[in-house]
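Asker: Residue numbers (the UniProt record's numbering): 1 to 222. We treat Cβ as the ideally placed atom computed from N, Cα and C, and that holds for glycine. Computed from a predicted model, the values in this text were never measured in an experiment. Structure below; questions to follow.
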């Protein structure tokens, strides 16, 4: 069952989407504003987000921008705005698709299925020495699961989900340990060292988990 977060300030649209999605067997979460949407993404782990751009407290662009700071969850913008610049801006900010209102439910369902399929494929990262399955929350070496602590997994997932990108120390501390953390860089050194011992072929010469001195960390699969 796919968990879908519907973010729209129009009750009639929310209700129509909720009924249509539930009829297709999906679990549905509802948010009428940006704050609630971001909270739901953090706490309820939806599989895909249907996001309107015109929200009462902040724009859908702001929601998308904030979400992309820490999550790669698929986002389909569902908006009455037909302008090409709106579509370009949404896609540049990280939206996976853009559907204009009014829309056909069959088309929307097809786009939703496609976004979820793409995300499922991207959730599996294969290296020469191990495989990270973000969806299953598991790492394997030669087909054998690698035992990670919850904190080790959270840190690895935060890096793998942004493959190739520099992730700042502050962002990692906020995401893994919580918003009250931001300067405890010794935590990162310890846990990254533990991950290297479990995953790197030569922990002292890391191939996958890279330190960017003074800035943060980067994961590469090559």
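(1) In whole angstroms, what separates the C-alpha of residue 115 from that of residue 47?
(2) Taking only the alpha-carbon atoms, compute the straight-line gap between residue 24 and residue 107 and give it to the nearest angstrom.
(3) Below 8 Å, how does it come out for the region 3–15 and the region 37–55: are there three or more Cβ pairs, yes or no?
(4) Is it right to say residue 71 is buried, meaning 16 or more other beta carbons lie within 10 angstroms of its own, or is it exposed?
(5) Assuming residue 198 and residue 146 are in contact, meaning their beta carbons sit under 8 Å apart, how far apart are those beta carbons, in whole angstroms?
(6) For the alpha helix (DSSP H) that residue 36 lies in, which residues bound it at each end?
(7) With DSSP as the reference, identify every bridge partner of residue 219, one or two as the case may be.
(8) In the DSSP assignment, find the beta strand (DSSP E) that holds residue 140 and state where it starts and stops.
(9) From residue 84 to residue 219, what distance separates their C-alpha atoms?
(10) Is residue 63 helix, strand or coil when you go by DSSP?
(11) Using 8 Å as the threshold, is the region 166–179 in touch with the region 206–222, meaning 3 or more CB pairs across them?
(12) Pick helix, strand or coil for residue 181, following the three-state DSSP scheme.
(13) Would you please state the rounded distance, in angstroms, between the beta carbons of residue 194 and residue 152? I believe it to be under 8 Å.
(14) State the CB to CB distance for the pair residue 130 and residue 89, rounded to an integer number of angstroms; the pair is presumed to be in contact (CB under 8 Å).
(15) How would you write the range of the alpha helix (DSSP H) that residue 73 sits in, first residue to last?
(16) Mark residue 19 as exposed unless 16 or more other C-beta atoms lie within 10 angstroms of its C-beta, in which case mark it buried.
(17) In three-state terms, what does DSSP make of residue 168?
(18) Can you tell me the Cβ-Cβ gap for residue 6 and residue 14, rounded? I've got them flagged as a contact below 8 Å.
(19) Relative to the C-alpha of residue 201, which candidate in 214, 120, 141 has its C-alpha closest?
(20) DSSP beta-bridge partners for residue 79?
(21) Taking only three categories from DSSP, how would you classify residue 93?
(22) In three-state terms, what does DSSP make of residue 116?
Answerer: Per the coordinate set shown:
(1) Rounded to the nearest angstrom, the gap between the Cα atoms of residue 115 and residue 47 is 10 Å.
(2) Near 13 Å, if we compare the C-alpha coordinates of residue 107 and residue 24.
(3) Three or more Cβ pairs closer than 8 Å define a contact, and the region 3–15 meets that threshold against the region 37–55.
(4) So residue 71 ends up on the buried side.
(5) Indeed they touch by this definition, with Cβ atoms about 6 Å apart.
(6) In the DSSP annotation of this structure, the continuous segment of the alpha helix (DSSP H) that includes residue 36 starts and ends at 34–44.
(7) Per DSSP, 209.
(8) Start and end: 138–141.
(9) In this structure, the alpha-carbon of residue 84 lies about 34 Å from that of residue 219.
(10) Residue state, collapsed to three classes: helix.
(11) Inter-segment contact for the region 166–179 and the region 206–222 is present: three or more beta-carbon pairs are separated by less than 8 Å.
(12) Note: residue 181 maps to coil in three-state DSSP.
(13) Distance from residue 194 to residue 152 at the Cβ level is roughly 6 Å; contact confirmed, criterion being Cβ atoms closer than 8 Å.
(14) Between the beta-carbon of residue 130 and that of residue 89 there is about 38 Å, and that puts the pair past the 8 Å contact cut.
(15) Unbroken run through residue 73: none, as it is neither H nor E.
(16) It is exposed - the Cβ of residue 19 has fewer than 16 other Cβ atoms within 10 Å.
(17) Residue 168: strand per DSSP, three-state reduction.
(18) At roughly 6 Å, the Cβ-Cβ gap stays under 8 Å, so residue 6 and residue 14 are in contact.
(19) Among 214, 120, 141, the Cα nearest to that of residue 201 belongs to 141.
(20) Residue 79 is bridged to 100.
(21) Look at residue 93 here: in three-state DSSP terms it is coil, with no helix or strand label.
(22) Three-state DSSP puts residue 116 in a helix.
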